[in-house]
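Data first, discussion second: the structure below is written as structure tokens.
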Amino acid sequence: MTQKIIRNSNPYWINEKHDFITSFLKHPRIIHAELSTNNDEYDVVVIGTGLSGVSCVYWLRKLYPVERFPRILLLEKNVHPCSGASGRNGGFICPSYDYLADYVEDFGYENGCQWVEFQHENIRSIAQAVKENNIDCEINLTRGNVALARTQKELENIVKSYEFIKDYLEKHSNTKMSLDNLELWDHEKCQEMLHSDKFIGGLFMRESGTVWVAKLVYGLLKYCLEQPGIDLITNGKVIRIENSKNIILENGRVIIAHHAIVHATNAYSVEYMDFVRDKIIPTRGQCSRSKPIETIFWPFGLSANEGGEYYHQSPIDGRITFGGCRWRSPDTEHNNQNDSEINDLIQEEHERFFSLWHPGIATQNCTVEIEQEWTGIMAFTIDDLPLIGPLPGDNKQFLLCGYNGDGMPNAFLCAKAVARMIANDDPYKEGEEKNTITFLK
Ligand SMILES: Cc1cc2nc3c(=O)[nH]c(=O)nc-3n(C[C@H](O)[C@H](O)[C@H](O)COP(=O)(O)OP(=O)(O)OC[C@H]3O[C@@H](n4cnc5c(N)ncnc54)[C@H](O)[C@@H]3O)c2cc1C
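Everything in the sequence shown is counted per the numbering used here, starting at 48 for the first residue and increasing by one.
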């Protein structure tokens, strides 16, 4: 019988028991909104300190001289930076090969394939930033992920995705993708690799893996706060924007942004922005983390049910991070922004998942016992595309959100594109990365 220790939503990744959080909160450049007496005028204000917002400031300082944007402010409504989805996710960083068949159906063959290519470049770009800035975030982009099929229909989708990439690579020699990166698994291979005979096939993707996203964001944030002219205000909840310039905080303070405002506020943006209310559906996801496990069952990450469930095991202590099963409570998780509580029905599914789908684990005298569980909010969009770019008719306000639950393979380079838009540069510059996200406009 599983014994739970914690019942409230308590994300493993962002918690004051971790040194990187407590030591960071003492950073002299962090200003508590209530205490600040600082000048309230900035060139650029980025609202939200998840991966999107922090990456945008990172790129503004990386790409442009300080004189271009001397004063930049990051605004966060909570005490801890990165306490939205970037601190509450599953930790997968993986191009969406397994969704490619859907992308092609929705957005066309070239666009779908190019989007996956863009995601590849995105994760390589993150890896480079991690290396350059010496960020300790347990990133591992070679462990791989396998998208698993339980039904014939799921298998057909996976095979279709593989065939699209194969075909695309035959037609395009100048691409950063490679078929060596992909491997189709049959039932036998799944049995051999998974401690389970329940999966009839899978698509293994080599160049993908996992990352402690909050540590990544804090690492990028550390870089930002070491740069001249950058402040971070916490406890600064934005409730309204007036005249594309005045940012009104809940406590009545007004912050003026002379050049640009970036809304990197995920689905929370529906709380204060009319424009996104009919475009973003805040959708709650749930994750759990097990007690340490001695045996490492899978060195790679796994997803099943067309991405509806995803899990990986820490190579350090064997703990399994598991996410998904929203299907168990279909009426409660959409249009839900409450990430402080757990859905018990979904939790029941988390608890029985491994005995159901990986029965081989039990034969090794092992049970997966959940120790910690949490929820987080994702921005699902009505057309399944991220919202990246200026608000229509307003070239001072920019959206940087709406990843439909797939922020890690998209956010870093989307933030780079927005940084370029702020500087009136071509956001989709050829050269450094390909012109792959044009259609996301
Ligand atoms: C349970 C769960 C599991 C997930 N698993 C994965 C995964 O394995 N792989 C993957 O690629 N993606 C995953 N995602 C999605 C991914 O986490 C997100 O796409 C990504 O973190 C979004 O980053 P962001 O910076 O845009 O938003 P966030 O990280 O949510 O950042 C937004 C920030 O804005 C702040 N904010 C909001 N409103 C205001 C306001 N009014 N004033 C001031 N500040 C404000 C918030 O406090 C927050 O810090 C998951 C998401 C969830 C919820």
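Glycine included, each C-beta is placed from N, C-alpha and C at the ideal position.
Subject >> For Val-92, the residue or residues it bridges with in DSSP >> reply: Here residue 92 is taken as the residue at index 45 of the sequence shown, counted from 1. According to DSSP, which records beta bridges pairwise, Val-92 is partnered with Leu-120, Ile-308.
**OP:** Could you spell out where the beta strand (DSSP E) holding Leu-279 opens and where it closes?
**Re:** One-based indexing of the sequence shown puts residue 279 at position 232. That run of the beta strand (DSSP E) goes 277–281.
Original post:
What residues are listed by DSSP as bridge partners for Trp-421?
Top reply: For this step, residue 421 is matched to residue 374 along the sequence shown. Trp-421 is bridged to Cys-334.
**OP:** Between the Cα of Asn-169 and those of Arg-373, Ser-102, Ile-78, spot the shortest distance and give me the residue it belongs to.
**Re:** Counted from its first residue, the sequence shown places residue 169 at position 122. Comparing Cα-Cα distances from Asn-169 to each of Arg-373, Ser-102, Ile-78, the minimum goes to Ser-102.
Original post:
Quick one: complete beta strand (DSSP E) runs, 3+ long, within the segment 200–240?
Top reply: 229–232
Subject >> Distance CB(Gly-332)-CB(Arg-373) smaller than 8 Å >> reply: Working through the sequence shown from its first residue, we reach residue 332 at position 285. Working through the sequence shown from its first residue, we reach residue 373 at position 326. Cβ distance < 8 Å, so Gly-332 and Arg-373 count as in contact.
Subject >> Cut-off 8 Å between Cβ atoms - residues of its own chain near Glu-341, not counting five sequence neighbours on either side >> reply: Against the sequence shown, residue 341 aligns to sequence position 294. So the qualifying residues of the chain are Gly-365, Cys-413.
Original post:
If you pair each beta-carbon of the segment 433–453 with each one of the segment 151–165, do three or more pairs fall below 8 Å?
Top reply: no
Subject >> Residue burial classification, Lys-64 (beta-carbon count within 10 angstroms, cutoff 16) >> reply: For the purposes of this step, residue 64 is taken as residue 17 along the sequence shown, with counting starting at 1. Per the 10 Å Cβ criterion, exposed.
**OP:** Pick out whichever of Val-113, Asn-282, Tyr-270, Tyr-315 has its Cα sitting closest to the Cα of Gly-299.
**Re:** Stepping through the sequence shown from its first residue, residue 299 is reached at position 252. Gly-299 has its Cα closest to that of Asn-282, out of Val-113, Asn-282, Tyr-270, Tyr-315.
Original post:
Where does Cys-271 fall in DSSP's three states?
Top reply: If you number the sequence shown from 1, residue 271 lands on position 224. Reduced to three states, the DSSP call for Cys-271 is helix.
Original post:
What whole-angstrom Cβ distance do Ile-308 and Val-163 have, given they're in contact under 8 Å?
Top reply: Walking along the sequence shown from the start, residue 308 turns up at place 261. Walking along the sequence shown from the start, residue 163 turns up at place 116. Not really, about 31 Å apart at Cβ, beyond 8 Å.
Subject >> alpha helix (DSSP H) runs wholly inside the segment 359–413, at least 4 long, in chain order >> reply: 391–404
Original post:
Could you give the distance in angstroms between the alpha-carbon of Glu-235 and the alpha-carbon of Gly-354?
Top reply: By 1-based counting over the sequence shown, the position of residue 235 is 188. By 1-based counting over the sequence shown, the position of residue 354 is 307. Those two C-alpha atoms are separated by around 22 Å.
Subject >> Any beta strand (DSSP E) of 3 or more consecutive residues that is wholly inside the segment 427–486 >> reply: 434–438, 441–448
**OP:** Label Ala-196 either buried or exposed according to how many other C-beta atoms from any shown protein chain fall within 10 Å of its C-beta, with 16 as the threshold for buried.
**Re:** Position 149 of the sequence shown, counting from 1, holds the residue named residue 196. Ala-196 should be labelled buried.
Subject >> Sub-8 Å separation of Glu-418 and Ser-337 beta-carbons >> reply: In the sequence shown, the residue the question calls residue 418 occupies position 371. In the sequence shown, the residue the question calls residue 337 occupies position 290. Yes, they are a contact pair.
**OP:** Could you pull out every residue in the same chain whose Cβ sits closer than 6 Å to the Cβ of Leu-202, ignoring the five residues on either side in sequence?
**Re:** Against the sequence shown, residue 202 aligns to sequence position 155. Contacts found: Ala-196, Ile-247, Gly-248.
Original post:
So, helix, strand or coil for Ala-80, using DSSP?
Top reply: Counting from 1 along the sequence shown, the entry for residue 80 is found at position 33. Under the three-state reduction of DSSP, Ala-80 is assigned to coil, being neither helix nor strand.
Subject >> Own chain residues within Cβ distance below 7 Å of Asn-457, not counting five before or after >> reply: By one-based count along the sequence shown, residue 457 stands at place 410. Excluding its 5 nearest sequence neighbours in each direction, Asn-457 has C-beta neighbours in its own chain below 7 Å: Gln-166, Asn-169, Pro-433, Tyr-450, listed in chain order.
Original post:
Could you check where the alpha helix (DSSP H) with Ile-286 kicks off and where it finishes?
Top reply: Along the sequence shown, one-based indexing puts residue 286 at 239. Taken as a continuous stretch (DSSP letters only), Ile-286 belongs to no alpha helix (DSSP H), being part of the beta strand (DSSP E) at 285–289.
**OP:** Compute the beta-carbon to beta-carbon distance between His-127 and Ile-77, rounded to the nearest angstrom, for a pair I have assumed lies under 8 Å.
**Re:** Locating residue 127 in the sequence shown gives position 80, counting from the first residue. Locating residue 77 in the sequence shown gives position 30, counting from the first residue. Not a contact, Cβ separation roughly 10 Å.
Original post:
Is it the case that the CB of Ser-130 approaches a heavy atom of ligand 1 more closely than 7 Å?
Top reply: As a first step, residue 130 must be located in the sequence shown, where it is residue number 83. Yes, Cβ of Ser-130 sits closer than 7 Å to a heavy atom of ligand 1.
Original post:
Going by DSSP, which residues form a beta bridge with Asn-192?
Top reply: Position 145 of the sequence shown, counted from the start, is the residue given in the question as residue 192. Paired residues: Met-252, Gly-348.
Original post:
Would DSSP call Thr-257 helix, strand or coil?
Top reply: In the sequence shown, residue 257 corresponds to position 210, counting from 1. For Thr-257, the three-state secondary structure derived from DSSP is strand.
**OP:** Assign Phe-139 to one of three DSSP states: helix, strand, or coil.
**Re:** If you number the sequence shown from 1, residue 139 lands on position 92. Correct three-state label for Phe-139: strand.
Subject >> Whole-number beta carbon distance between Tyr-209 and Leu-231, since they are thought to touch under 8 Å >> reply: Within the sequence shown, numbered from 1, the residue matching residue 231 stands at position 184. Within the sequence shown, numbered from 1, the residue matching residue 209 stands at position 162. The pair is a contact, with the Cβ atoms about 6 Å apart (cut-off 8 Å).
**OP:** Mark Asn-535 as exposed unless 16 or more other C-beta atoms lie within 10 angstroms of its C-beta, in which case mark it buried.
**Re:** Residue numbering for the chain in the displayed model covers 48 to 488; residue 535 lies beyond these limits and cannot be assessed.
**OP:** Could you give the DSSP three-state label for Asn-295: helix, strand or coil?
**Re:** Position 248 of the sequence shown, counted from the start, is the residue given in the question as residue 295. The identity of residue 295 in the sequence shown is Ile, whereas the question assumes Asn. Correct three-state label for Ile-295: strand.
**OP:** Excluding the 5 residues preceding and the 5 following Arg-108 in the sequence, name in chain order all residues of the same chain whose CB lies nearer than 6 Å to its CB.
**Re:** Working through the sequence shown from its first residue, we reach residue 108 at position 61. Gln-274, listed in sequence order.
**OP:** Pull up the distance between the alpha-carbon of Thr-379 and that of Met-455, whole angstroms please.
**Re:** Locating residue 379 in the sequence shown gives position 332, counting from the first residue. Locating residue 455 in the sequence shown gives position 408, counting from the first residue. Thr-379 and Met-455: Cα-Cα distance of roughly 25 Å.
**OP:** Could you tell me the boundaries of the alpha helix (DSSP H) in which Asp-153 lies?
**Re:** Counting from one through the sequence shown, the residue named residue 153 turns up at place 106. Note, Asp-153: alpha helix (DSSP H), 147–154.
Original post:
What is the residue span of the alpha helix (DSSP H) that Asp-66 lies within?
Top reply: Within the sequence shown, residue 66 is the residue found at index 19, counting from 1. Where Asp-66 is concerned, the enclosing alpha helix (DSSP H) stretches over 66–71.
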